[in-house]
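Below is one structure, written out as structure tokens; comments come after it.
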Amino acid sequence: MIPASIVMPDFQTPTAGFAHSVDSALLVLERLGVPDARITLLMAGAGRPDLTVVKQSPPPGTPLLSTTRVALSIAGFGFFHALPLSMRESGTEHEMGTREICRAFDSPVEKLARWFRAGAPMFAFSEQHPETCLPWLALFGIDASRWPEDLWFRLSLLMPALARLGGRQSGIKLTMHLLFDLPLHSVESFPTYRSYGQISGLGERSSRLGEDWIAGDGMRDVDGIRLRLGPVPLVRYRYFQDSIGSELLRMACGLCLSAYQDYKIAWLIEDQNLIPVLGDEMKNGRLGVNFHLGRGMKS
Numbered sequence: 001m002i003p004a005s006i007v008m009p010d011f012q013t014p015t016a017g018f019a020h021s022v023d024s025a026l027l028v029l030e031r032l033g034v035p036d037a038r039i040t041l042l043m044a045g046a047g048r049p050d051l052t053v054v055k056q057s058p059p060p061g062t063p064l065l066s067t068t069r070v071a072l073s074i075a076g077f078g079f080f081h082a083l084p085l086s087m088r089e090s091g092t093e094h095e096m097g098t099r100e101i102c103r104a105f106d107s108p109v110e111k112l113a114r115w116f117r118a119g120a121p122m123f124a125f126s127e128q129h130p131e132t133c134l135p136w137l138a139l140f141g142i143d144a145s146r147w148p149e150d151l152w153f154r155l156s157l158l159m160p161a162l163a164r165l166g167g168r169q170s171g172i173k174l175t176m177h178l179l180f181d182l183p184l185h186s187v188e189s190f191p192t193y194r195s196y197g198q199i200s201g202l203g204e205r206s207s208r209l210g211e212d213w214i215a216g217d218g219m220r221d222v223d224g225i226r227l228r229l230g231p232v233p234l235v236r237y238r239y240f241q242d243s244i245g246s247e248l249l250r251m252a253c254g255l256c257l258s259a260y261q262d263y264k265i266a267w268l269i270e271d272q273n274l275i276p277v278l279g280d281e282m283k284n285g286r287l288g289v290n291f292h293l294g295r296g297m298k299s
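Counted from 1, the sequence shown has number 207 at position 207 by UniProt numbering; the numbering is strictly sequential.
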């Protein structure tokens, strides 16, 4: 429901050198709550710069009610002027001509053209206004509600590159650095095995060892990858061990890693040569991470 205090703006009169175009007029009407279904666009022909509003109905100052229909005449040629000259004819009081028939196509075409002309601004996003990233993320099928608002801008910068870099070491490195400022130290592979049920057709049908019949309860699968992140401070490592940080890291890996590969996350804590100090939050030891028992550790 449009409040009665809202009145029709003056689109047809230039002010201080500015003249409303159909794009600016539709934007103003949209913000006033007038839907496209109650707006009709008419092509007025030549005489003014293209797409300039030359006439309007209702007149300026008329209250905009919920039932008010708006008609804007804009400069430029419509579908009627694209017809061969022999097909151009105006109607009479009793029948419609091609001019009247073609007018029915001008309004939806010009409304659609507005979105084509606004293509780049529609997907303009900035770090200062995170909400502008939502249409861009939706275009890539990303549910922004699952990500913190302060990561929306970084995520918007990352998504176009993943189609080319996803699954590669360069893509993994870019994802970790861009989203979390985490350095990628190395990417290693480790063996994985697929387990099978104890079903045997031996004696009933032919079996090929290693193909549809194996000796054991599993066989070698595609190698997994181990991402070693770091070096990072211990406090940074702890952040990604809690429920929020680990879930963010899991979603990021889902973006940049292959779906068919298993993966593991390993960490490299900075200042490996420093002796951990018990009771100090910044220098405390985490067994198996930056603190090990024995003379050495397995590399």
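For glycine and all other residues, C-beta sits at the position ideal for the given N, C-alpha and C.
Residue interval of the alpha helix (DSSP H) (run including F153): W152 to L165
Range of the contiguous alpha helix (DSSP H) that encloses E30: V22 to R31
Taking three-plus beta-carbon pairs below 8 Å as touching, is the region 228-242 in contact with the region 135-150? no
Can you tell me which of the three DSSP states L174 falls into? helix
Consult DSSP for R238 and reduce its assignment to one of helix, strand or coil. helix
Residue from F140, R236, T192 and C256 with nearest C-alpha to V222: T192
Span of the alpha helix (DSSP H) holding A252? S243 to C256
Hey, H177 and L268: beta-carbon distance below 9 Å or not? no
Cα-Cα separation between T98 and P14, rounded to whole angstroms: 32 Å
Kindly indicate which residue of L179, D10 and M96 has the alpha-carbon position closest to the one of D150. L179
In whole angstroms, what separates the C-alpha of S5 from that of G61? 10 Å
Drop a sphere of 10 angstroms on the beta-carbon of M1, count the other beta-carbons inside from all chains shown, and report buried for 16 or more, exposed for fewer. With a pLDDT of 47 at M1, under the threshold of 50, the modelled position of this residue cannot be trusted, and the question is left open.
Tell me, please, which residues DSSP counts as bridged to R228. S186 and A266
Alpha carbon of R114 to alpha carbon of G166, nearest angstrom: 35 Å
Cβ of I46 within 9 Å of Cβ of A75? A small correction: the amino acid at residue 46 is Ala; Ile does not occupy that position in the sequence shown. Yes.
Nearest to R103 (by Cα), restricted to the options A118, L83 and F116: L83
Cβ-Cβ distance between R117 and D23 below 9 Å: yes
Contact check, V53 vs A25 under 8 Å by CB: the rounded distance? 5 Å
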